[in-house]
Each structure stands twice: as C-alpha cells, then as structure tokens.
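Okay, structure first, notes after.
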Ligand code: PGA
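So this is what it looks like as structure tokens:
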C-alpha cells in the first residue's frame, strides 16, 4: 500500500479547507493508495466533518508531547483525537528552522503521539550545506536515532533544499537516503520535496519509497489526484 499525504502548511482556513475537501470527496482517487490531508489546526474540524465516511485521513501538522498544561499556543494528542483526527506530522523542517524544534523535541512529540494512539509522519532531511559537506547520512542517522519502530510510525525524508524550491532529489538520491534510514528503522518511508505530477512516478517507482509527502502540489485537487494516481503499484 502506498501513502500520499498533502501538507497544506499555513494555507486554507476553514472555508477554503471545506471547499477543497468537498472537491476531494467528489474526486476519483485510486484504490490501494492511502490518502491523507494535513490542514492547519483551525481547519481540522471542518476537514474531518466534510471527509467523514471517506477513506481520506485527516492529520494535523504538529502536536505537543503533554496531554494538557500551561503550553500557550500548543495542541495535544488527546485534543486532536477528540476532534476525529487520525494522526499528525512531526518535526517538519520548517518547524526545525523557524520554531526551534530540535531532534529531542521531535522525538518527544513522536513518542507522545504514538502513545496516545495517533499515527505519526516524522520528518527528517539534510540541509544543502550538510549535503555539500558529505554529512547527509550522518545527519539522517542522528535525526532518526530518537525514534523506535512502531506500526503507526512513518518517516518522511525531505531534503531541506528540495522543499518548495522546485528542485527534487534524483530518484537515486532519494532511494539511497531511504535505504540509510531503513537500515536503522524498518518503517514505511515517504519522499518529500517538490513532488509534482510530472516527477512523482519515477520517485515512487523506487523500491524504498513507499509514498510521498506533498506540499505545494497538494493545494490543487488536480495535481494532488494525479500524484495519488502515480502511486498505484
Ligand atoms: P513542497 O513541500 O512539495 O512544496 O516542496 C513539501 C513539504 O514541505 O512537505
């Protein structure tokens, strides 16, 4: 089974999210491909409601490690579950880059979400500088060191230099990075970073790539559906 997840980032408030989910509901998505959307927190309730009774899963984009407490601006796993959310992204590079997320806080979030019964897509990936220095594999090993295999855990390999830039890792580069991670952790793995309808098939054909985490191209139903079709095995 392959998995395609759409990371909407800070796009689509409740009204737009509702419209997008209604269009997705009417769209013919392929069997045998697990489809997930990750709306912003404020659009989760609307998305869950509109997609109820479909096979499309709704995930959050982040989640705190405590169940409740004095953590202004954070949202917990029990709160997401109460809303009908299935899982969450954790450790996206934008959170590491702009919001002080570290390997340690990412691991804490992953652990707590799995404990609470949420599915988790944990994101890892090297920066351009790290790749140029030949440090890619060491960085990936360090980033996944805090995770343990779990049936609800998926890892997304997203080279930071490929996110939102139109530059994609070559299928060989992605395959190699996935192999490095799979040696440490035998869980399904998604590739992310400028996945588009015209490059999805060759990336998804790699044996160690089990799906894709899609940013920009998930905001349009046509391109997202085309990527889902490219994931048919
Ligand atoms: P992109 O984003 O597809 O727009 O590069 C991927 C992501 O950040 O998850």
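In the numbering used here, the protein residues as written are 9 to 241.
Glycine residues also receive a C-beta, built at the ideal position from the N, C-alpha and C atoms.
Next on the checklist: Considering only the alpha carbon of each residue, which of 61, 75, 41, 36 lies closest to residue 125?
Outcome noted: Comparing C-alpha distances from residue 125 to each of 61, 75, 41, 36 shows the shortest one belongs to 75.
Checklist entry - Does the region 114 to 125 come close enough to the region 33 to 40 that 3 or more CB-CB pairs lie under 8 Å? => result No, they do not touch.
Checklist entry - Whose C-beta lies closer than 7 Å to the C-beta of residue 152 among residues of the same chain, with five residues either side of it excluded? => result Counting only Cβ-Cβ distances below 7 Å, and skipping sequence neighbours, we find 132, 163, 189, 192, 193.
Next on the checklist: Following a CB-centred definition, is residue 15 positioned closer than 8 Å to any heavy atom of ligand 1?
Outcome noted: A heavy atom of ligand 1 is found nearer than 8 Å to the CB of residue 15.
Next on the checklist: Just to confirm, is the Cβ distance from residue 203 to residue 158 under 9 Å?
Outcome noted: No.
Item to check | Burial state of residue 23 (16 or more Cβ within 10 Å) | outcome: Counting Cβ neighbours within 10 Å, residue 23 comes out exposed, since fewer than 16 surround it.
Checklist entry - For residue 17, which residues from the same chain have a beta carbon less than 8 Å from its beta carbon, with the 5 sequence-adjacent residues on both sides left out? => result So the qualifying residues of the chain are 48, 69, 102, 223.
Checklist entry - Could you give the distance in angstroms between the alpha-carbon of residue 91 and the alpha-carbon of residue 46? => result Those two C-alpha atoms are separated by around 14 Å.
Next on the checklist: DSSP has residue 15 in a bridge; who is on the other side?
Outcome noted: In DSSP, residue 15 forms a bridge with 46.
Checklist entry - Within the present structure, is the beta-carbon of residue 136 separated from the nearest heavy atom of ligand 1 by less than 8 Å? => result No, the beta carbon of residue 136 sits no closer than 8 Å to any heavy atom of ligand 1.
Checklist entry - Within the present structure, is the beta-carbon of residue 131 separated from the nearest heavy atom of ligand 1 by less than 8 Å? => result At least one heavy atom of ligand 1 lies closer than 8 Å to the C-beta of residue 131.
Next on the checklist: For ligand 1, is there any heavy atom lying closer than 8 Å to the beta carbon of residue 101?
Outcome noted: Yes; taking the cut-off as 8 Å, the Cβ of residue 101 has a heavy atom of ligand 1 nearer than that.
Checklist entry - Quick one, which of 209, 67, 81, 57 has its alpha-carbon nearest residue 88's? => result Closest by alpha carbon: 67.
Checklist entry - If you scan the region 80 to 127 from start to end, which runs of the beta strand (DSSP E) of 3 or more residues do you find wholly inside it? => result Runs of the beta strand (DSSP E) inside the region 80 to 127: 95 to 98.
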